[in-house]
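Just so you know, the sequence shown maps onto residues 825 to 912 in this note's numbering.
Cβ atoms here follow ideal geometry from the backbone N, Cα and C, with glycine treated the same way.
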Amino acid sequence: MSKKKNDNQIKKPMREFIFQKRNYQFMFIGLAFIALGFILMSGGGMDDPLVFNPQVYSFRRIRLAPTLVLIGLGFQVYAILLNPHKKK
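Right, here's the structure in full:
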């Protein structure tokens with residue numbers, strides 16, 4: 825009887841990762857959206873600070889880029905909350 829208990833104690837369960845391949849795929853998609861949003865926000869520096877450049881308030885920088893960043897953050901939250909072990 826004691827040998828059975830010792831055998832069970834010796835065997836250690838395999839470690840299981842919390843995130844699976846599908847979680848990481850959504851995380852990378854989210855990171856790509858966030859990076860693209862920040863790239864679209866960048867640029868447009870002015871040489872002369874006394875000259876107004878209307879490109880600062882373009883659709884790309886005010887609407888599109890922040891929207892992409894928020895979509896990327898949404899993907900990140902979904903990737904964290906996604907349960908890959910759940911069967912449909």
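Taking 8 Å as the cut-off, the Cβ atoms of Ala889 and Asn847 do not count as close.
DSSP places Ile904 within a helical segment (H, G or I) once states are collapsed to three. Within its own chain, the residues whose Cβ lies closer than 6 Å to the Cβ of Ile895, once the five positions on either side in sequence are excluded, are Phe857, listed in chain order.
Rounded to whole angstroms, the separation of the alpha carbons of Gln900 and Met851 is 5 Å.
About 22 Å separates the CB atoms of Phe843 and Val893; that is not less than 8 Å, and the two are not in contact.
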